[in-house]
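As structure tokens, the structure follows; a few thoughts come after it.
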Amino acid sequence: KRFAPLRALMHTEAAQVVREIKRVWLMSPNAVSDILPLSPDLFDLIIIDESSKVGLAQAIPAIQRGKQIVIVGDEMQMPPSHFFAQQSRESEEDAYESILHKALEQLPHIMLEHHYRSRSSDLIEFSNQYFYEGKLKVDAPNKNGLHFHFCENGIYADRKNKTEANLI
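If you count by the working numbering, then the sequence shown holds residues 1153 to 1320, one letter each, in order.
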């Protein structure tokens, strides 16, 4: 209780020091709007992941705080469901448009083709054929995309390990 809340701290002269200490921030678009000042160029890069689930109204304040933006998402995923929305909000929810769909209309984009989440290619094969036109490279060498290579005879000296560096 004796420390200032982050929201208050980010609106003081200490904000620059906080940003220097914490170079990467992971926040929802709503948290960005709630906590950070609405200052252009607050960050070098804004990344919006799962952007098919982020509405334009949520994304714009976050986008304004950055110099560049990367919008990541899959237009083939189902959008957020508003099935249980209250009657008074239905017309508002019907007008929902994601930042991904707007970005696909206006900005250059690329498709990431490597699928790594499924342990079995059979799980994604239907989607690959019927939604991605067979463009996904479906192989699952391991579940997390990382590979371990043992480096024999590596010697750490002068803050370097030349054997390890050569292996990499």
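Every residue gets a Cβ at the ideal spot worked out from N, C-alpha and C, and that includes glycine.
Residue i - containing alpha helix (DSSP H), residue span
i	result
D1310	That residue, D1310, is in no alpha helix (DSSP H); it is neither H nor E in DSSP.
F1195	Not the alpha helix (DSSP H): F1195 falls in the beta strand (DSSP E), residues F1195 to I1200.
I1251	I1251 to Q1258
Proximal residues to residue i (C-beta, below 8 angstroms), its chain only, five neighbours per side dropped
i	result
D1201	V1224 and G1225
H1301	L1319
Other residues of its chain near residue i: CB distance less than 6 angstroms, five sequence neighbours each side excluded
i	result
K1219	D1193 and D1196
V1222	I1199
H1267	I1276, L1288 and V1290
Buried or exposed by the 16-neighbour rule on C-beta atoms within 10 Å, applied to residue i
i	result
L1264	exposed
P1157	exposed
S1180	exposed
S1361	Residue 1361 lies beyond the residue range present for the chain, which begins at 1153 and ends at 1320; the question has no answer from this structure.
Cβ-based neighbour list, residue i, same chain, cut-off 7 angstroms, excluding 5 preceding and 5 following
i	result
H1163	P1189
S1240	Here S1240 scores only 47 on pLDDT, less than 50, and its place in the model should not be relied on; the value that follows carries that caveat. Result list for S1240: empty, nothing under 7 angstroms.
E1242	Any reading at E1242 must be qualified, since the residue scores a pLDDT of 47, below 50, and its modelled position is unreliable; the value itself is stated next. Answer for E1242: no residue qualifies.
L1252	S1203, S1204, I1223, G1225 and E1227
D1186	R1159
R1171	none
N1280	G1286, L1288 and V1290
Residue from the options whose Cα sits closest to the Cα of residue i
i	options	result
M1230	K1289, S1191, V1169 and F1283	F1283
A1183	N1313, I1212, K1254 and N1280	I1212
S1191	A1167, R1175 and K1174	A1167
Rounded C-alpha distance that separates residue i from residue j
i	j	result
A1160	R1154	13 angstroms
S1204	Q1210	12 angstroms
W1177	A1317	30 angstroms
E1285	V1169	49 angstroms
H1261	F1278	24 angstroms
K1312	G1306	10 angstroms
I1215	R1269	29 angstroms
K1254	R1217	19 angstroms
R1175	Y1308	29 angstroms
Residue-level contact to chain B via CB, residue i, 8 angstroms cutoff
i	result
L1288	Although the question refers to chain B, the structure presented lacks it and comprises just one protein chain.
Extent of the continuous beta strand (DSSP E) run through residue i
i	result
F1220	Here residue 1220 is Gln; the residue named in the question, Phe, does not match the sequence. Per DSSP, Q1220 belongs to the beta strand (DSSP E) from G1218 to I1223.
Distance cut-off 7 angstroms: residue i Cβ against heavy atoms of the ligand SAH
i	result
L1275	Looking for the ligand SAH in the displayed structure turns up nothing, as the structure carries no ligands at all.
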